[in-house]
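Worksheet for the structure shown next.
There are 2 protein chains.
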Amino acid sequence: MNWINYIGIFAGVLTTVSFIPQVIKVWRFKSAKDLSAWWLLIFFIGVSSWLVYGFLIIDFPIVIANAATIFLLIFIIIAKIIYRNN
Amino acid sequence: MNWINYIGIFAGVLTTVSFIPQVIKVWRFKSAKDLSAWWLLIFFIGVSSWLVYGFLIIDFPIVIANAATIFLLIFIIIAKIIYRNN
Numbered sequence: 274m275n276w277i278n279y280i281g282i283f284a285g286v287l288t289t290v291s292f293i294p295q296v297i298k299v300w301r302f303k304s305a306k307d308l309s310a311w312w313l314l315i316f317f318i319g320v321s322s323w324l325v326y327g328f329l330i331i332d333f334p335i336v337i338a339n340a341a342t343i344f345l346l347i348f349i350i351i352a353k354i355i356y357r358n359n
Numbered sequence: 274m275n276w277i278n279y280i281g282i283f284a285g286v287l288t289t290v291s292f293i294p295q296v297i298k299v300w301r302f303k304s305a306k307d308l309s310a311w312w313l314l315i316f317f318i319g320v321s322s323w324l325v326y327g328f329l330i331i332d333f334p335i336v337i338a339n340a341a342t343i344f345l346l347i348f349i350i351i352a353k354i355i356y357r358n359n
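Those protein sequence lines, which keep their order, are chains A and B. Take the first sequence: its letter number 67 is residue 340 in the working numbering, and every next letter is one higher. Take the second sequence: its letter number 81 is residue 354 in the working numbering, and every next letter is one higher.
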């Protein structure tokens, strides 16, 4: 693994970890009205496609980052559905 | 360009285009309170790192997707700052 891989991992960790405060926020305040349902839907399909792409080009940072992002995104999508009337 | 590149471009187009309805939503409703400032900050640094990574591994879909995402993200961050008291 060379230094370029570490930049990829750094990027993947940040874009993934960034969703943790967003997950906490929607669940804590029981509100997700400012989050666009279209953003969530299209972003979810997009991140899933990145995961497939990562597997195909056998790129470790892309696979891990997008798998973890999908995991966190599911919590935001569930909050958006549960609190849709808040 | 092979078919794997097209999956990467498809993924990049989706994760990038997904931010368009989110930009429209925050500006239209003049509210971004449900968006985590930490998410925006960390995600912005992360996407910028992906852009650098894309340049380093000379990966066309990663560069274009992340450059466009940064562009859209700036509009959301500006809305978050302007409407922070809404």
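Glycine included, each C-beta is placed from N, C-alpha and C at the ideal position.
Query	Result
I want to verify the contact list: residues of chain A whose CB lies under 9 Å from the CB of residue 331 of chain B, in sequence order.	Under the 9 Å cutoff, chain A gives no residues; its nearest Cβ is about 10 Å from residue 331 of chain B.
Between residue 290 of chain B and residue 348 of chain B, is the Cβ-Cβ spacing less than 7 Å?	no
Do you know how far the Cα of residue 358 of chain A is from the Cα of residue 339 of chain B?	33 Å
Does any CB atom of chain A fall closer than 7 Å to the CB of residue 279 of chain B?	no
Any beta-carbon of chain A closer than 7 Å to the one on residue 311 of chain B?	yes
If you count every other CB in all the chains shown that lies within 10 Å of the CB of residue 279 of chain A, and 16 or more means buried, which is it?	exposed
Which of the three DSSP states is assigned to residue 309 of chain A in this structure?	coil
By how many angstroms is the C-alpha of residue 284 of chain A removed from the C-alpha of residue 327 of chain B?	10 Å
Could you tell me the boundaries of the alpha helix (DSSP H) in which residue 353 of chain B lies?	333-355
Where does residue 317 of chain A land, buried or exposed, given buried means 16+ other C-beta within 10 angstroms?	buried
Within this structure, are the beta carbons of residue 389 of chain A and residue 329 of chain B separated by less than 7 Å?	Since the displayed chain A opens at 274 and closes at 359, residue 389 of chain A lies outside it and no answer follows.
Have a look at A:335, A:313, A:307, A:325 and flag the residue whose alpha-carbon is nearest the alpha-carbon of residue 350 of chain A.	A:313
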